[in-house]
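K.L.:
Residue numbers (the UniProt record's numbering): 1 to 249.
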């Protein structure tokens, strides 16, 4: 087959965080497929644009594979990194269950800057030791699994990062997650990193006992420190947050 599928991460927002590889492949694409707001972030080009709504990831993937089977060079775009709760898994899910000929396609996954890395860079080095990333969305997995993983991560004393923490359809998950952590962990540093890299960026440094669920929305990356994570106060400036490389028992 002459077609190609390029699964591309656009980073968390600003154009400067789109990698040179991603930009080069976007310029080669004949077709661009993705969730509407992500397609809108792609610079103007002659490529045909196929924007779709949220929650149709596998349909979107099948569309890309069909176009590539006909010879198109298809860019499937995601925010952040396409392999982190995004379109790469959906494409390979479609490949496994779909037309056997799709397995012969040239499929490339292009990494991007994911939200937890962008937020961590703003804060200092909160991911300096072991960390765990969990999606709080229960659209594709039951809440019981999410709660089980939260408890296991706390017992392992990981730094935690929450993706998909809240939405209009799921306003309660983040409060339930905080309640689980309060039952199974001591006090922790909590950071709400909103719209990182965008003009309306906001960083809130608080604690597990004081954090308010209503301050969290889908644009927020929620980061919870381990028992070892520290804050370096800086007067009127925001503190630096870091997790030491060495573990103190």
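Glycine included, each C-beta is placed from N, C-alpha and C at the ideal position.
Could you tell me if residue 165 is buried or exposed, where buried requires 16 or more neighbouring beta carbons within 10 angstroms of its beta carbon?
P.N.:
buried
K.L.:
Is the CB-CB distance between residue 12 and residue 196 below 8 Å?
P.N.:
yes
K.L.:
Let me make sure I understand the geometry here. Which of 244, 144, 74, 105 has the alpha-carbon closest to that of residue 231?
P.N.:
244
K.L.:
The alpha helix (DSSP H) spanning residue 180 covers which residue range?
P.N.:
173-184
K.L.:
List the endpoints of the continuous alpha helix (DSSP H) containing residue 58.
P.N.:
57-69
K.L.:
Which of helix, strand or coil does DSSP assign to residue 6?
P.N.:
strand
K.L.:
Going straight from the alpha carbon of residue 105 to that of residue 93, what length do you get?
P.N.:
For residue 105 and residue 93, the distance between alpha carbons rounds to 14 Å.
K.L.:
Under 8 Å, with one C-beta from each stretch per pair, do the stretch 23-30 and the stretch 65-73 reach the 3-pair mark?
P.N.:
yes
K.L.:
Taking contact to mean 3 or more Cβ pairs, one atom from each stretch, closer than 8 Å, check whether the stretch 200-207 and the stretch 132-146 are in contact.
P.N.:
no
K.L.:
Quick one: Cα of residue 179 to Cα of residue 130, how far?
P.N.:
23 Å
K.L.:
Tell me the residue span of the alpha helix (DSSP H) that contains residue 73.
P.N.:
Unbroken run through residue 73 is the beta strand (DSSP E), 73-78; no alpha helix (DSSP H).
K.L.:
Would residue 124 pass as a contact of residue 241 if the rule is Cβ separation under 8 Å?
P.N.:
yes
K.L.:
Please check the pair residue 265 and residue 83, which I expect to be a contact at CB under 8 Å, by giving their CB distance rounded to whole angstroms.
P.N.:
Because residue 265 is not part of the residues shown, which for the chain are 1 to 249, the question remains open.
K.L.:
For a test of the three-state rule: what should DSSP assign to residue 201, helix, strand or coil?
P.N.:
coil
K.L.:
Below 6 Å CB to CB, which residues in the same chain sit around residue 120 once its five sequence neighbours on both sides are set aside?
P.N.:
126, 127
K.L.:
If we count Cβ pairs, one from each stretch, closer than 8 Å, do we get three or more for the stretch 141-158 versus the stretch 51-67?
P.N.:
no
K.L.:
Out of 247, 167, 88, 81, which has the shortest C-alpha to C-alpha gap to residue 159?
P.N.:
247
K.L.:
Short check: CB of residue 18 to CB of residue 25, under 8 Å?
P.N.:
no
K.L.:
Taking the straight line between their C-alpha atoms, what separation do you get for residue 223 and residue 217?
P.N.:
Spanning the two alpha carbons is a distance of roughly 13 Å.
K.L.:
Tell me, which residues are paired with residue 108 by DSSP?
P.N.:
Per DSSP, the beta-bridge partners of residue 108 are 6.
K.L.:
Hey, residue 80 and residue 114 are a contact pair by Cβ (cut 8 Å); roughly how many whole angstroms apart?
P.N.:
Cβ atoms of residue 80 and residue 114 come within 8 Å of each other, at about 4 Å.
K.L.:
For the candidate residues 3, 201, 220, 234, whose alpha-carbon lies nearest to that of residue 167?
P.N.:
Out of 3, 201, 220, 234, 220 has the C-alpha closest to the C-alpha of residue 167.
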